[in-house]
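S.K.: If you scroll down you'll find the structure; I have some questions about it.
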Amino acid sequence: MQPKGSCPRCGIGMLAPEVVEETLIVGPNAVQVTVEADVCSYCGERWFAPPAIATIDVAIQHLRTGDLSHLNHIGEVYKAS
Ligand SMILES: [Zn+2]
7 MQPKGSCPRC
17 GIGMLAPEVV
27 EETLIVGPNA
37 VQVTVEADVC
47 SYCGERWFAP
57 PAIATIDVAI
67 QHLRTGDLSH
77 LNHIGEVYKA
87 S
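Counting with the numbering used here, you get residues 7 to 87 for the letters of the sequence shown.
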């Protein structure tokens with residue numbers, strides 16, 4: 007694990023590796039992925055390494071193409087009127 011520096015966004019917090027649940031919005035749908043990210047202790051910004059970005063891209067691609075065999079249905083998304 008390479009040493010983590012300060013946050014490029016706020017410049018105040020320090021980055022620490024964490025396993026996070028990221029919710030990705032694809033049109034009217036959403037898909038949740040569990041990936042590792044470097045999380046800023048101050049502003050909470052999540053920085054993803056290439057493997058996590060690849061996982062995110064694959065999940066988005068599956069949802070976009072309707073290939074749901076790799077995804078688990080966990081709920082519905084509603085919009086308040
Ligand atoms: Zn920050």
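Built from N, CA and C at the ideal position, the CB exists for glycine as well.
1) With three or more beta-carbon pairs closer than 8 angstroms as the criterion, would you say the region 68 to 84 touches the region 45 to 60?
2) What residues does ligand 1 have around it, judged by CB closer than 5 angstroms to any heavy atom, in chain order?
3) Leaving out five residues before and five after A36 in sequence, what residues of the same chain have Cβ atoms less than 7 angstroms from its Cβ?
4) Identify which residue in L69, L77, S47 has its Cα closest to the Cα of K4.
5) Does A60 come out as helix, strand or coil in the three-state DSSP assignment?
6) Only counting the same chain, and skipping five residues up and downstream in sequence, which positions put a Cβ closer than 8 angstroms to that of P34?
M.R.: According to the data block:
1) Not touching, per the Cβ criterion.
2) A Cβ closer than 5 angstroms to some heavy atom of ligand 1 marks a residue here, and those residues are C13, R15, C16, G19, C46, Y48, C49, E51.
3) Translated into positions along the sequence shown, residue 36 becomes position 30. Here A36 has T29, L30, V83 as same chain residues with Cβ atoms under 7 angstroms from its own Cβ, once five neighbours each way along the sequence are excluded.
4) What is shown of the chain runs 7 to 87, which leaves residue 4 out entirely.
5) Stepping through the sequence shown from its first residue, residue 60 is reached at position 54. DSSP places A60 in helix when its eight states are reduced to three.
6) Position 28 of the sequence shown, counting from 1, holds the residue named residue 34. Cβ within range, chain order: V83.
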